[in-house]
Amino acid sequence: MSTESSLGGLAAAARYYQDYGLRARGLKGQGKKVIGYLCALTPVEIITAAGLVPFRIKGDVNEPITRADTQMETIVCPLVRSCFDLSLKGKYEFLDGLVIPHACDSIVRTYDVWKYSLGLGYNHFINMPHSDDDSSLEFFEAELATFRKSLGGFAGKEISDEALARAVELCNQNRARVRELYELRKSAPPLISGAEITRVLTAAMSIPVEESLELLSSVIEEVKKREGAPAGGVTRIMVVGAQVDDMAFIKLVEDSGASVVADDLCPGGREHWSDVDVTSAPLGGIAERYLRKINCGRTYREMGGTYAEYLEHRFGHIGRAIKDFKADGVILYIYKYCDPFGFEVPQVKGYIESLGTPVLYLEDEYSMSTIGRMRTRIQAFLELIG
Amino acid sequence: MADFFAGVDIGSTMTKVAIMDGGIVASVIGPTGPEHRKLANKVMGEALAKAGLSFDEITYVVATGYGRINVPFADKQITEISCHARGIGSLLPAARTVIDIGGQDSKGIKLKDGRVVDFVMNDKCAAGTGRYLEVIAEALGVALDEIGRRSLEAEREVAISSTCTVFAEQEVVSRLAEGIPVEDLLAGIHKAIATRVYGMVNRLKIEREVAITGGGAKNIGLVKALEAKLGFQVLVPPEPLLTGAIGAALLGRDIVEEAVQSGLSLTRSERRLREATFFS
Amino acid sequence: MAEEKKPEQRKKRRTATEAASKVAPMVKAMIGNVLQAKEEGKPIASTFICCCYDEIIHAMDIVPHWVENYAGICGAKRDAQRFLEKAEAGNLSRSLCTYALCGLGFDALREELGEMPPEPPWGGQVKPTVMLGSGQILCDPRNKWFQAAQHYMPDVPVCNVGLTWPLYEDDYDYHEVEGYYIKYFVEQLRGLVEFLEKYTGHKMDWDRLSELVDLTDRTWNLVWEAYELRRAVPTPMGTGDAMNTMVPMVFMMGTQEAYDFFKDLYDELKQKVADKEGVIPDEKYRLIWGGGLPSWFALGDFNYFNSKGAVFPVETTYRMIEATYNYDMDLSKISDPLEHIAWRWLKYWTYWYDKARKRPGSQPEVERLIQYIEDYKIDGIVMHEAFSCRTWHVGLIWQLNQLKKIYKDIPSLILESDIVDISSYNEADTRARIDAFIDVLEAAKRKGK
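Protein chains in written order, with our numbering: chain U, 1 to 386; chain R, 1 to 280; chain Z, 1 to 449.
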C-alpha cells in the first residue's frame with residue numbers, strides 16, 4: 001500500500017500526473033527494477049509477471065525539445081522526440097531497462113538512438129508483426145516467448161505460466177475498471193470530464209497494475225458520489241488519435257465549449273477496451289489481444305468481404321462509441337509525421353462522416369506552442385455543429 | 001425602435017468595426033497594433049462617434065478575429081470562420097465557397113443554406129497569406145498596393161518553385177538580378193500564392209459561386225490568379241475587409257432574435273465600454 | 001555547371017559509365033511495358049522496391065509496377081507537385097512519405113477524371129490488378145500506402161506480406177531466433193502465391209521460380225563484384241551513376257536483362273580500372289554517400305561535387321545486395337525456392353551483425369560504413385536527410401555520431417531536402433554547403449588525416 005494512495009483517487013491521480021514518475025522512483029528506492037516502455041502495444045502483463053515495474057514513458061507538451069536534435073532527426077513523430085528529449089534531460093533516470101514494441105517507423109527506426117544514448121542495462125525490441133493473420137499470430141507468440149525468456153533473464157527468474165496468468169487477470173481487471181469509469185461519461189452532462197479522464201489514465205500508466213486498479217476504483221467511487229457534473233459544454237465530442245498523454249489538448253476542446261465524452265486514444269478507449277482471453281498457455285491469449293484486439297492503425301487488419309465491410313471492420317468501434325456515448329462530433333487529432341494514423345485520415349474521416357457525424361481533422365505537433373493554434377478551429381467546429 | 005448591432009473583428013494586421021441596423025450605419029478600419037484591448041476600445045469609440053450613437057444604444061456586440069478574446073465589452077466571441085460565412089451570406093448570397101486571405105492566415109469556408117458545413121485554415125505558414133506578398137513586395141521595391149496591378153502587366157510566365165516565403169524571397173531577388181522584369185516575377189508570385197491557397201481550399205470540394213474576401217481580395221492580381229486556377233470568375237464584396245465585422249454584427253442580431261423568439265434571457269457582457277479606459 | 005530552372009532547358013546530366021546512360025531508356029521501356037500490359041489485359045501488381053518477392057511475381061508472369069520508381073520519375077521530371085497537392089487536398093498530410101503522396105495523388109486524380117491526368121510523366125501510372133505490400137522493419141508506407149489507395153480504388157485487392165527480420169540486440173543473438181523467422185517468411189510467401197493465384201488467375205510455375213531464384217543469386221553476386229571494382233583509385237564509377245544502375249538491381253531483379261546489364265557494367269568497369277580511367281581525371285577527395293535517398297530532381301549535384309574534385313566510389317543507398325557466397329551459410333544447399341528466398345532475405349538484413357559484435361559500441365549500419373570507408377579509401381562522408389522519409393533517414397545523425405565515437409573523426413556533411421518535393425530544395429544553400437565541405441576535406445587532407 002503506498003502512502004500516496006491514501007490521498008484519494010482524483011487527488012492521487014493529480015499528484016502522479018503532475019510529478020510523473022513519482023511512484024516509480026519510490027519503488028526504485030525500495031529495490032524494485034523499473035522497465036520503461038513506449039506505446040500501449042507493449043505487453044505489460046509480461047513485465048508485471050516478471051516482478052518488474054512497468055513504466056510508460058510520456059512526453060511533455062510544455063517542454064521545448066532542446067536536446068533531442070543532436071541525436072534524433074526532427075522528422076520523427078513529435079511525441080517520440082519529446083519522450084527522448086525528456087529522457088536525455090534525466091527525467092527518467094530511474095529506469096533500469098527499455099522495452100519497445102514495433103509500433104511504427106518513428107519508434108523502430110529510433111531504437112538504436114534510444115539504446116545507445118540512454119545506455120540502460122537492459123534493452124529489448126518486441127518485433128510485433130504488422131498483419132494479423134494466423135501465421136503472423138504464431139510468429140508473434142514466438143517473439144513474445146523470446147521476450148519472456150530475455151526479461152526473465154534480466155529479472156533473475158524465469159517467468160512462469162502462473163505468474164503470467166495472474167498478471168493477465170490483474171490487467172484485465174484494470175481494463176474493466178477503466179470501462180466502468182467510462183460509463184460515467186455517458187450521462188448528459190458526463191460526471192467526469194475528458195481532461196480528468198486523461199489525467200487519471202495517464203497517471204495510471206506510471207504505476208504498477210495493482211496500484212492502478214486501486215487508483216481507478218477509488219476514482220470511480222469518488223466520481224459516482226459527485227453532486228454536480230464538472231463544468232463543460234453541451235456539445236459532446238469524441239477525440240480519435242494516437243497517444244494523448246497530456247491534458248492540454250483535451251482541456252482546450254472542453255474550454256472551447258464542449259465535453260469530451262468518448263475517445264479512441266492511448267491511454268484511453270483503444271488501450272482499455274479489450275481484454276486478454278484467458279488461455280491455458282497465457283502467452284497465446286496475450287499475443288492475440290495485442291495483435292488482433294487492439295484496434296490501432298499500425299496493425300494491418302486482414303481484409304474480409306466487401307470494402308464497406310472492411311471499413312466497418314477497421315473503424316466500426318468508432319461508430320459504436322459515437323452511438324453509445326452520444327457524440328455530436330469527432331475530432332481527429334493526429335500528430336505530424338505519423339504514418340499509421342496519417343495514412344488513414346481520408347478513410348476514417350469518410351467513414352465517420354458517412355454515419356452523419358461531422359469530423360474536424362487537426363494535425364498538430366505535441367507542443368503548447370502549437371496547441372493554441374487549434375483554438376479557432378475547434379471553436380469554429382463547435383459553432384458548425386451548433 | 002431600431003436595434004443596433006456591432007461586430008468587432010481584430011485581425012492580425014487590421015482591426016475592423018461595423019455597426020449595423022438593417023444595413024451598415026458606420027464602419028472603421030484601422031491597423032492592429034500589439035495592444036488589442038486598448039485598440040478595441042478606441043476603434044469602437046470611433047465607430048460610435050461616426051454613427052452618432054452611444055454604447056448603451058448597441059443591443060449586442062460580437063467580437064471575432066485573432067484578437068477576439070481581447071474585446072472586454074463584447075457579449076460573445078465567435079470565430080472569424082462563422083462570421084465571414086455570415087457576412088458573405090448576407091452580401092453575396094449566391095456564394096457556396098468563401099476564400100478569405102488575410103494578413104497572416106488564409107481560410108476556406110464551405111456554406112450550405114447559409115451555414116458553415118466545412119472549413120480549412122492555413123495559419124502555420126506565411127506562404128498563402130498577405131505576409132508572403134508583403135515580403136516579396138519589399139524585396140522587389142514595389143508598393144504593396146501596386147503589386148497586383150503590376151502583376152497583370154507581365155509578358156511572360158515565370159514559375160516560382162519555392163513555396164516557402166523565405167526561399168521565395170531569395171529566388172525572386174536572384175532572378176531579378178538575372179534581368180527578369182519585375183512584372184513577370186510579380187505574376188509568378190501571385191500564381192504561387194494562388195496555387196497555395198487553391199491547394200488548401202481544394203480540400204473542401206469547391207462549389208460555385210466562390211467569393212474572395214479579406215485583404216487579399218483587394219489585390220486584383222491575386223483575384224485574377226485565383227480565377228485562373230479555379231477556371232471561373234469569383235465574387236468580391238464591395239469592402240472585403242469588413243466582411244468579418246459585418247458577419248459578426250449580423251450573428252449578434254441572430255442571437256438576439258432567437259432569444260426573443262424562444263423567450264430565453266440573453267447573457268450580455270458585464271463590462272461596459274465606458275468602464276474600459278479610453279486611451280489608457 | 002549552372003542548373004536551369006525551366007524544365008525545357010535543363011541540361012542532361014553527365015554519367016561516367018556507358019551502362020548508367022543506358023538506364024533512362026530502360027526505365028521508359030519498363031513503364032511502357034506496364035502500360036502495354038494494361039492494354040492487353042495482363043495482370044499488373046503494384047509493389048515496392050526490395051520487396052523480397054520479385055522472383056515470385058516474374059515466375060507467375062505478372063507485370064510489376066514499381067510505385068516508388070514512378071514517383072521518383074515524377075520528381076526527377078519536376079512534375080510531382082500537382083500530385084502532391086491532390087493528395088494533400090484529400091487530407092493526406094504533407095509530412096507523409098512524398099513517394100506515397102505522389103502515387104496516391106496520381107491515383108486520386110486518375111480515378112476522378114476517369115482517365116490518365118493530362119500529360120502524365122512517361123505515360124502515367126495505371127490502375128493495377130493487385131497491390132502488394134509488406135510488414136517489415138523497413139517502412140510503414142509499405143503496409144499503409146496501398147490500404148490508403150483503396151480509398152480511390154476499393155475494388156483492387158491488397159496483400160501484405162510479413163517479412164520482418166530480427167534487430168541487432170544485446171540480450172540475444174539473432175541466430176537463436178532464425179528458425180521461427182524463416183518459418184514465418186515461408187508461410188507468408190506461400191500465402192502470397194495463393195493470393196496471386198486467386199486474383200490474377202495465373203498459376204505458379206515452381207520450376208521457373210527455382211530458375212529465377214538461381215538467376216537472382218548470380219545477379220546479386222555479379223553486382224557485388226562489379227561494385228567492388230570501384231575500390232580502384234581512381235574510381236571508375238560514382239554514386240551519381242549508381243543512382244541509375246540501381247534500376248536493374250531493384251526493379252528488374254530476377255530477369256535476364258538485369259543479369260546482362262551487370263555483366264556489361266562489370267566488363268566496362270574492369271576495363272576502366274585497367275586503363276586507370278576514373279570518373280574525373282584529377283580525383284582529390286573520395287567520399288561515401290553514407291545514407292539517405294537522393295533528391296531525384298537534383299542529381300546534378302553529383303556533377304557539382306565532381307567539379308570540385310570529389311568522387312563517390314561507394315554508397316550504402318540502393319546497394320541492396322551482398323554476395324551470397326559471403327554468407328555464413330551455404331545458400332546453394334537450400335533447394336526449396338521459398339525457403340531459399342527466405343534465407344537470402346534474412347541473411348541480407350543480418351549480414352553485418354556478426355561483424356558488429358566484434359567491435360565494442362558498434363552496430364551493423366555503422367560497421368558497414370566502417371568497412372566501406374576502409375575498403376574504398378574514403379576521406380569523407382555525406383548524408384542526405386530527406387524530410388519525408390523516416391525509413392532511410394532516421395538514425396543518420398546517430399550513425400555519424402557513433403561512427404566518429406568508435407572509429408575515427410571523419411569529415412562529414414549533412415544535406416537536407418526531399419526525395420520528390422522540390423519546394424524543400426534550395427540549390428544555392430546546397431551548393432554553399434558542398435563548398436564548405438570541400439574546404440573541410442582539403443584542410444583534413446593537408447593535416448594528413
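Glycine included, C-beta positions come from ideal geometry on N, C-alpha and C.
In the DSSP assignment, find the beta strand (DSSP E) that holds residue i and state where it starts and stops.
i	result
Tyr335 of chain U	329–335
Asn160 of chain Z	158–162
Trp66 of chain Z	63–66
Ser417 of chain Z	412–417
Give the straight-line distance between the Cα atoms of residue i and residue j, rounded to the nearest whole angstrom.
i	j	result
Leu355 of chain U	Met153 of chain Z	21 angstroms
Ser5 of chain R	Thr243 of chain R	Checking the sequence, you will find Phe at residue 5 of chain R rather than Ser. Between Phe5 of chain R and Thr243 of chain R, the C-alpha separation is close to 14 angstroms.
Arg373 of chain U	Ser424 of chain Z	24 angstroms
Asp19 of chain U	Ala203 of chain U	9 angstroms
Gly22 of chain R	Ser90 of chain R	11 angstroms
Gly105 of chain Z	Asp330 of chain Z	45 angstroms
Cys51 of chain Z	Asp205 of chain Z	20 angstroms
Leu264 of chain R	Met20 of chain R	23 angstroms
Arg208 of chain Z	Lys445 of chain Z	53 angstroms
Trp289 of chain Z	Thr79 of chain R	51 angstroms
Ala149 of chain Z	Asp107 of chain Z	7 angstroms
Tyr17 of chain U	Asp69 of chain U	26 angstroms
Gln379 of chain U	Lys42 of chain R	27 angstroms
Asp145 of chain R	Gln104 of chain R	17 angstroms
Phe167 of chain R	Leu186 of chain R	15 angstroms
Asp429 of chain Z	Leu299 of chain Z	15 angstroms
Glu416 of chain Z	Met383 of chain Z	9 angstroms
Val177 of chain Z	Ala40 of chain U	25 angstroms
Over what stretch of residues does the alpha helix (DSSP H) that includes residue i continue unbroken?
i	result
Arg25 of chain U	22–29
Gly240 of chain Z	239–251
Phe341 of chain U	339–342
Met204 of chain Z	Neither: Met204 of chain Z is in no alpha helix (DSSP H) and is coded neither H nor E.
Thr47 of chain Z	Here Thr47 of chain Z belongs to no alpha helix (DSSP H); instead the beta strand (DSSP E) covers 44–47.
Tyr376 of chain Z	Taken as a continuous stretch (DSSP letters only), Tyr376 of chain Z belongs to no alpha helix (DSSP H), as it is neither H nor E.
Report the neighbours of residue i on chain Z: residues whose CB is nearer than 9 angstroms to its CB, in chain order.
i	result
Arg377 of chain U	What Arg377 of chain U touches in chain Z: nothing, since even the nearest Cβ is about 14 angstroms away.
Ser161 of chain R	Lys5, Arg78, Gln81, Ile422, Ser423, Tyr425
Gln347 of chain U	Gln147, Ala148, Gln150, His151
What residues from chain Z crowd round residue i, counting only those whose CB sits closer than 7 angstroms?
i	result
Asn303 of chain R	The structure shown has nothing for residue 303 of chain R, since chain R only spans 1 to 280.
So which residues of chain U does residue i contact, with C-beta pairs closer than 7 angstroms?
i	result
Asp123 of chain R	Arg373
Applying a beta-carbon distance threshold of less than 9 angstroms, which residues of chain U neighbour residue i?
i	result
Lys144 of chain Z	Gly297, Arg298, Tyr300, Asp339, Pro340, Gly342, Phe343, Glu344
Ile397 of chain Z	Asp69, Thr70, Gln71, Met72, Glu73, Val113
Val117 of chain R	Pro358, Leu384
Ile246 of chain R	Within chain U, no residue comes near Ile246 of chain R; the closest Cβ sits about 17 angstroms away, beyond 9 angstroms.
Please list, in chain order, the chain R residues whose beta carbon lies closer than 7 angstroms to that of residue i.
i	result
Glu271 of chain U	Going along chain R, no residue has its Cβ under 7 angstroms from Glu271 of chain U, so there is no contact; the nearest lies around 30 angstroms.
Glu85 of chain Z	Gly199
Which bits of chain R does residue i rub up against, with CB to CB less than 8 angstroms?
i	result
Ala428 of chain Z	Gln170, Ser174
| Taking Cβ-Cβ distances below 8 angstroms as the criterion, which residues of the region 279–308 of chain Z are in contact with chain R? | From the region 279–308 of chain Z, no residue has a Cβ closer than 8 angstroms to chain R.
| request: Just list the beta strand (DSSP E) runs in the region 83–107 of chain Z, keeping only unbroken ones of 3 residues or longer that don't cross its boundaries, in chain order. | output: none
| field | Residues in the region 167–181 of chain R having any Cβ partner in chain Z nearer than 8 angstroms | value | Phe167, Gln170, Ser174
| task | Mind listing, in chain order, the continuous alpha helix (DSSP H) runs of no fewer than 4 residues lying wholly within the region 254–340 of chain Z? | result | 256–274, 300–307
| Name the residues in the region 126–153 of chain R whose C-beta lies less than 7 angstroms from a C-beta of chain U; which are they? | Residues of the region 126–153 of chain R with a C-beta atom less than 7 angstroms from some C-beta of chain U do not occur.
| field | Every unbroken alpha helix (DSSP H) inside the region 206–278 of chain U [4 residues or more] | value | Fully contained in the region 206–278 of chain U are the following alpha helix (DSSP H) runs of length 4 or more, in chain order: 209–224, 247–255, 269–272.
| request: Name, going along the chain, the residues of the region 85–116 of chain U whose beta-carbon falls closer than 9 angstroms to a beta-carbon of chain Z. | output: Taking 9 angstroms as the Cβ-Cβ cut-off against chain Z, the residues of the region 85–116 of chain U that qualify are His102, Cys104, Asp105, Ser106, Val108, Arg109, Thr110, Tyr111, Asp112, Val113, Lys115, Tyr116.
| Sequence ranges, alpha helix (DSSP H) only - wholly within the region 109–189 of chain Z, length at least 4 | As far as the region 109–189 of chain Z is concerned, its whole alpha helix (DSSP H) runs of at least 4 residues are 141–149.
| At which residue ranges does the region 74–108 of chain U contain complete alpha helix (DSSP H) runs of 4 or more residues, listed in the order of the chain? | 78–88, 105–108
| request: Jot down the residue ranges of each uninterrupted beta strand (DSSP E) in the region 170–230 of chain R, minimum 3 residues, whole runs only, in chain order. | output: 210–213
| For the region 184–210 of chain R, which residues have a CB atom closer than 7 angstroms to at least one CB atom of chain Z, in sequence order? | If the cut-off is 7 angstroms between Cβ atoms, the region 184–210 of chain R has Gly199, Asn202, Arg203 near chain Z.
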